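Working notes, structure below.
Number of protein chains: 2
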Amino acid sequence: MTKNPDFSPGVLSMLPLFYVGWSDSVLSPSEIKLIHKKLSAFDFLTDADKDYLIQYTDPKNPPSKETFKSWVTTLKENANRLNNVEKKSLADIGLEIAKSSTSYKNNELFNLPRTKDALYEIESALGVNGNGSLNLLLGKLDNKQSDLESFSFDPKSLQNTLDGDQAEVINRVRKLIRDPFFKFEHIADKEQYRQTTLAQLKELAKQGFGAYAFPSEFGGLDKIRESISVFETLAYNDNSLTIKYGVQFGLFGGAVYGLGTKRHHELYIDPLTKGELLGCFAMTETGHGSNVKGLQSTAHYNHENKTITINTPTHEDGKEYIGNALHSQMAAVFAQLIVNGENHGVHCILVPIRDKDNNLLEGVKAEDNGYKMGLNGVDNGRLWFDNVEVPLKNLLNKYGDISDDGEYMSPIENPNKRFFTMLGALVAGRVSVGLAGVSCSKTALAIAIKYGLKRKQFNGNSKEEEVTIMDYPSHQHRLIPLLSKTYAYHFALRALADRYAQADEKDMRKIETDAAGLKAMATWHNTRTIQECREACGGKGYLAENRFTNLKSDSDIFTTFEGDNTVLMQLVAKGVLTEFKQSFHNEGAMAILRFLGDKMSNTIAEFNPVTTRNTSFDHLTDRAFHREAFRYRYRKLLLTLSGRMNDYLKKRITPFDAFLKCQMHMLELAKAYTDRYVLYEFRQAIEKCNDEKNSKILNKICDLYCLTVINENKAWFLENDYMEGSKTKAIRRVISKLCQELRVDVLGLVEAWGIPNEVIAAPIALDD
Amino acid sequence: MTKNPDFSPGVLSMLPLFYVGWSDSVLSPSEIKLIHKKLSAFDFLTDADKDYLIQYTDPKNPPSKETFKSWVTTLKENANRLNNVEKKSLADIGLEIAKSSTSYKNNELFNLPRTKDALYEIESALGVNGNGSLNLLLGKLDNKQSDLESFSFDPKSLQNTLDGDQAEVINRVRKLIRDPFFKFEHIADKEQYRQTTLAQLKELAKQGFGAYAFPSEFGGLDKIRESISVFETLAYNDNSLTIKYGVQFGLFGGAVYGLGTKRHHELYIDPLTKGELLGCFAMTETGHGSNVKGLQSTAHYNHENKTITINTPTHEDGKEYIGNALHSQMAAVFAQLIVNGENHGVHCILVPIRDKDNNLLEGVKAEDNGYKMGLNGVDNGRLWFDNVEVPLKNLLNKYGDISDDGEYMSPIENPNKRFFTMLGALVAGRVSVGLAGVSCSKTALAIAIKYGLKRKQFNGNSKEEEVTIMDYPSHQHRLIPLLSKTYAYHFALRALADRYAQADEKDMRKIETDAAGLKAMATWHNTRTIQECREACGGKGYLAENRFTNLKSDSDIFTTFEGDNTVLMQLVAKGVLTEFKQSFHNEGAMAILRFLGDKMSNTIAEFNPVTTRNTSFDHLTDRAFHREAFRYRYRKLLLTLSGRMNDYLKKRITPFDAFLKCQMHMLELAKAYTDRYVLYEFRQAIEKCNDEKNSKILNKICDLYCLTVINENKAWFLENDYMEGSKTKAIRRVISKLCQELRVDVLGLVEAWGIPNEVIAAPIALDD
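Chains as they are written, first to last, in the numbering used here: chain A, 1 to 768; chain B, 1001 to 1768.
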């Protein structure tokens, strides 16, 4: 009867399962293991059936578009004839299709209970949304949303808004980290933890997750934006894996690709994306965390045999804190390149450090960094090089090379500019770490909020009914403003990642500034959020099983690595000041007049007593008010800082001393700048949102975000007479009101992040 | 020649070493081990010498006052005849004394090099301040302070001020935790960690540290104040041990002593102080962390056989998070006491839970709580009781008993009052945890500040000399205000501990309020301080060897246990409100008038524009200004809260709803109340200080403390028109100035805490 005679009844019986299994483009390791085991034992399958099916259990060999389409066609044609498909299991559908096919021929095996049971077993292991996917295919409605109807919006729909065009890759990773193979577990012993993390990394590579950021000509997927989403989504779960993923594919892979040329790409990209070549990124030295320019390692070029000698001058100059240092076969070593006695600054050279049996090569010394506060699944270590010789071709030579005559040459003449171009790759790291911070905040808030909604608290009068702790204002104040900021940073960092993925060179300076500020603000926010969530869960929050232990200790370093937050905020302030001066320089006096003019006119409007005292709800939740307040704070801090700096310089105070005197002011400016950027991107995201309910709830969260930031800085607004006390007090009341209003939607807002229950994992957050 | 013929030359040769060893009243386990080993091999000692000396190596058998005095006399008489004593080693002095004694008789053994070497070896193991102690005895000056002269005060002298009358016990513990047996180590495996902690606990008991809090008639030392100092000082080091110490001697021992009567004291106090009877404090139940009144466990009295049946009704009602649960032989179980069907509320009953071979007794179930964020050396677990019968005499019957006729009786008629009297013992726990929080803050600051003074940072211009990160304003702002608050909480909690140790019943209510507030504020401060210190040390701070890992994760729970901080702050506010209303009630309308009158007169002075705008340095560092500001904030918050509450109640809003509406206001009031108390005790401590340099530096730290608190609350002062923006900005400048001034003294301020280097332990903080 079926028009597609290519499929045997055996294959047809399994087709719905394989369709659903592949419909989110990923088969997880546990699924594969199970399918392999079961398939071989199924007597209703012919050997040819088994061969056909088994080829589609290799995650590196997904069905081609054509094959998948043929499955879809077959399923549609057959299933549409069946009644009540949405109420049937995938196993039942498979069996019915098989039995109604032309090649069925009354094979009794398909009627045996054990056949049905076997299919049920696979279905239950593949589990869950199977029906949803199939129903979607068949154009039927999935009616499972009824229990979520109590919110003012549909969390699934909000999730689509949040995931945006990254939904596909995010869902792939979501599915993967739900798999038992990636199950969150507190592993105390670092050796055991590292082995687990390494195995998981290799599984990620096997599933093709290492290939996103690289061009297809070298086996990559050409999806740099998606590679950031992989990192972001992994961060919901175990962050040792997240960081190890980042080290291998982002830092090491990024150095090979971004600083190397074709000869390196051809040799190394494919094995490194497959996890066959493990590498590390050997930049930081003990005394030079934030000062890459001052690295002490040397790379001497020897013209006689066209080699480079890598050397660590003293024990203190060893490479420090290098992720993957104990598992790597190769290190991307940053060192001062010296040619003919002349230092051409920091360059990156690929240095083999271990043989195939994982023994260290001669001249290389490695030492375990030992236990850390967290991330103990990552093998951080120190590395020293004792005059290790490598061929010249190991120099990553995109921005600096040595000619056949032994002369140094570079497409970028200015060594300073060359240096910063080479470091450009770090920007992706900063965006990624910022997003990972947001993910950790989300997981922590999801746990704390779900617990707060379950947990009852006595209310002093034992006769009254116990209320949930989420009903307490202090609890709402603790968590809901943090939730609003988490939403805000989500949108800002996602937008920044988009900008980064599309950027050309002239945008990079601005993106670097924004990335520095956002990384710092989002990771500080993350540290604070997890701490607050832990405390909000009391003693239960202290048990490792409830995840805060690892969330907190793993992400604590986010404020430090990929650039210390305080140092990054100084970069932001410098960037802002430079641009400010630049625009004056370019546009002359008119620009200053315009800027001041703007400011003057604001001043008049803003300092109007009617405004400084306006305490109406409408005014306080008016986005125009928020924008003006954010703008005023940023501009005033910029003008006064610029003025102070000029005064000091006129007094012949050295720039460094002037910087020291203005350091606190600079940090404030950087915060104000970044807050404003966050608000801008939050607004853009709301504008793009075309679901009314979603945009309404996002607007409310944005209100809370804005007022929370204003409230945190209210002393500044009061000091500067921008608001009167009556107004800041009213803001506090509006925050309380918004927290109370959001109380009913708070679970939906957490559900919209789409963190799988297997990943939330904390017993206190899950239903019994 | 010597007038003391009792001592043989052999004993005399060892006497300086034994004198110094015992002069701080403690011989540590490693010292004992070493002395035992060496003594037995010394051929210059007779067997009688060895017997005499070995008896004084038992920590439980220190030399009597008479014996010690005879040593002192002998040493003084002999040593004063020697030249240049202060330049000689203890071994040399011992030998010289031995050889000049009447009983010497030219024993050649004393001239052999190996004899000298053997003595040297013991001296070097006993180590350190040996000469200092002996020189002190002999009235010579110790000239070792020269390297500390660069401070504006003498850290040793400031340490004496800080230690006060607790110096002796603090020094005992300091010496003990310097011993390798107590060496800080990151132990990842919880089973191994627990064994280490248990062994250390037993050593503490062996050294007599478990006996402090108990009366001498039961083998105790009658030093309740000192028992808190033991806890406080242990907290510099490993906090699993600190907490296990607190559970065994404070909670379990405290329950037996404080809630039991003579029959319990005679049976249990001695073995428990010796660590022979390990016990736990089984109060908390899942679901009833902060609601002790609502505990579900029951204790049914059976008159027919005069027993009590302890039962856990459902799995959920199990005792949760019980420290020592897996090592204990006995549990002090809190349960609803039911006699003749009538519930008399929560009482405490001693329930044997394990036999001598550590097997659980019938009807008792225990479960490991598993890994926690920290404190993994403490065996926390859950406990369930399935109708376990114990004799009536196991009821801790000080505040509630059952007569021979089977009738319930209590010296306190009001069940509510009875309940709170029974919980009074928790106050000591709160004071202790607060102090432990201060100790952790001190250790963290000591590490971060010492590192900050060593670590150089590039300054943008590579030609300029690198400066230490402690020279950066942002770094000073990060750490020095936290240091000032740590000093403030130190004095406040020490004073509170003094008050507690001397309190009679009528003081307890007030002490409970103060303890609740201080515990909350000091532990929040601690969490924040360690976080800031970790970040200030960058990646190095993330390595476990540098101690923040354990400091942070161990002390994180301080904000939760012994009362959740938010709940405690509500208690403070309630206490303050009650007292406020009480004083009105007692003193009638006059009191209100006086209070308001006070307020009115303040208002006039304070709101004088000259004051609200006064930005002079003298005014801003005037203690009278600080006191007024603290007082105004407290009083205004109290008046407005009281007013709001009254309004709600008049509108017939239920008290619980009124409380919900005022919860945030209550938290603010509790903070203001506690800040004011801290300042009061800081001032008292400075007044008592009779060293001019110490009082000067403490005054400066107090200035910084006050301005830091005002600065943190400046939005409130601005909102309430108590200060103008010009003044709050000026305060920020004064804070910067004070930080800069304190920069030169900052190391001395850390040294004055007297944390031994062996305890600081972090490689980044110690000299290479």
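Built from N, CA and C at the ideal position, the CB exists for glycine as well. All values reported here derive from a predicted model rather than from experimental measurement.
Anything in the stretch 707-729 of chain A with a Cβ closer than 7 Å to a Cβ of chain B? List those residues in chain order, please. K714, A715, L718, E719, N720, D721, G725, T728 and K729
The ligand MG heavy atom lying under 7 Å from the CB of S157(A): Within the structure as shown, the ligand MG is missing, as the structure has no ligands at all.
Span of the alpha helix (DSSP H) holding D368(A)? Note, D368(A): premise wrong, no alpha helix (DSSP H); beta strand (DSSP E) at V364 to D368.
Is there a Cβ of chain B sitting closer than 8 Å to that of H525(A), yes or no? Taking CB atoms only, H525(A) has no neighbour in chain B less than 8 Å away.
Pair within 8 Å by beta-carbon distance, Y634(A) and R676(A): yes
Nearest-angstrom Cα separation, counted from L639(A) out to L375(A): 42 Å
Measuring CA to CA, which of C533(A), G258(A), F561(A) and S410(A) is closest to V339(A)? S410(A)
For D401(A) and V346(A), what's the separation of their Cα atoms in angstroms? In a straight line, the C-alpha of D401(A) is about 12 Å away from that of V346(A).
Neighbourhood of E96(A) by C-beta distance below 7 Å, restricted to the same chain and skipping five residues each side: Correct list, in chain order: L82.
Hey, L27(A) and T67(A) are a contact pair by Cβ (cut 8 Å); roughly how many whole angstroms apart? At roughly 14 Å, the Cβ-Cβ gap does not stay under 8 Å, so L27(A) and T67(A) are not in contact.
Please report the distance separating the alpha-carbon of E1758(B) from that of E724(A). 54 Å
Mind checking which residues open and close the alpha helix (DSSP H) that includes M1666(B)? Run containing M1666(B): P1655 to K1688, per the alpha helix (DSSP H) assignment.
With 16 as the cutoff for other CB atoms within 10 Å, does S1101(B) come out buried or exposed? buried
Which of helix, strand or coil DSSP assigns to D1331(B): Sequence check: residue 1331(B) is Ala here, not Asp. A1331(B) falls in the strand class under three-state DSSP.
Counting only the same chain and skipping the five closest in sequence on each side, list residues whose C-beta sits under 7 Å from that of K1190(B). Y1371 and N1376.
Would you report the Cα separation of E1620(B) and N1711(B), rounded to the nearest angstrom? In the sequence under discussion, the amino acid at residue 1620(B) is Leu, which differs from the Glu named in the question. Using only the alpha carbons, I get a separation of about 12 Å.
Please list, in chain order, the chain A residues whose beta carbon lies closer than 7 Å to that of E1545(B). Residues of chain A passing the Cβ test: G370.
The stretch 1531-1562 of chain B: which residues have C-beta closer than 8 Å to a C-beta of chain A, in chain order? Q1531, R1534, E1535, G1538, G1539, G1541, Y1542, L1543, A1544, E1545, F1548, T1549, K1552, S1553, D1556, I1557, T1559, T1560 and F1561
Should R1547(B) be labelled buried (16 or more other beta-carbon atoms within 10 Å of its own) or exposed? buried
Measuring straight from C-alpha to C-alpha, what distance separates N1369(B) and A1325(B)? Between the C-alpha atoms of N1369(B) and A1325(B) there is a straight-line separation of about 10 Å.
In three-state DSSP terms, what is E276(A)? coil
Cβ pair T1523(B), G1437(B) closer than 8 Å: With respect to G1437(B), T1523(B) sits close: the two C-beta atoms are nearer than 8 Å.
Look up P1352(B) in the DSSP assignment and say whether it is helix, strand or coil. strand
Using a Cβ-Cβ cutoff of 9 Å, what residues of the stretch 1470-1497 of chain B are near chain A? List them in chain order. D1471, Y1472, P1473, S1474, H1475, H1477 and R1478
For the candidate residues G1094(B), W1022(B) and Y1052(B), whose alpha-carbon lies nearest to that of S1013(B)? Comparing Cα positions, the closest option is G1094(B).
In the stretch 1374-1391 of chain B, which residues sit with their C-beta less than 7 Å from some C-beta in chain A, listed in chain order? Per Cβ criterion, the list is empty.
The stretch 1655-1672 of chain B: positions lying closer than 8 Å to chain A by Cβ: So the close ones are P1655, F1656, F1659, L1660, K1661, Q1663, M1664 and L1667.
If you pair each beta-carbon of the stretch 555-570 of chain A with each one of the stretch 513-527 of chain A, do three or more pairs fall below 8 Å? yes
Starting from F1385(B), trace the alpha helix (DSSP H) in both directions and tell me its first and last residue. Not the alpha helix (DSSP H): F1385(B) falls in the beta strand (DSSP E), residues G1381 to F1385.
If I'm right that A685(A) touches F491(A) with Cβ under 8 Å, what's the distance once you round it to whole angstroms? 4 Å
Cross-strand partners of N311(A) (DSSP beta bridge): T298(A)
What residue range does the alpha helix (DSSP H) around P1391(B) cover? From DSSP, P1391(B) is part of no alpha helix (DSSP H) but of the beta strand (DSSP E) over V1388 to P1391.
The alpha helix (DSSP H) that contains K319(A), what's its start and end? Run containing K319(A): none in the alpha helix (DSSP H); it sits in the beta strand (DSSP E), K319 to I322.
Short check: CB of G1294(B) to CB of V1378(B), under 8 Å? no
Alpha carbon to alpha carbon, how far is I1449(B) from T1529(B)? 12 Å
If you draw a straight line from the C-alpha of P609(A) to the C-alpha of T1578(B), how long is it? Between the alpha carbons of P609(A) and T1578(B) lies a distance of about 40 Å.
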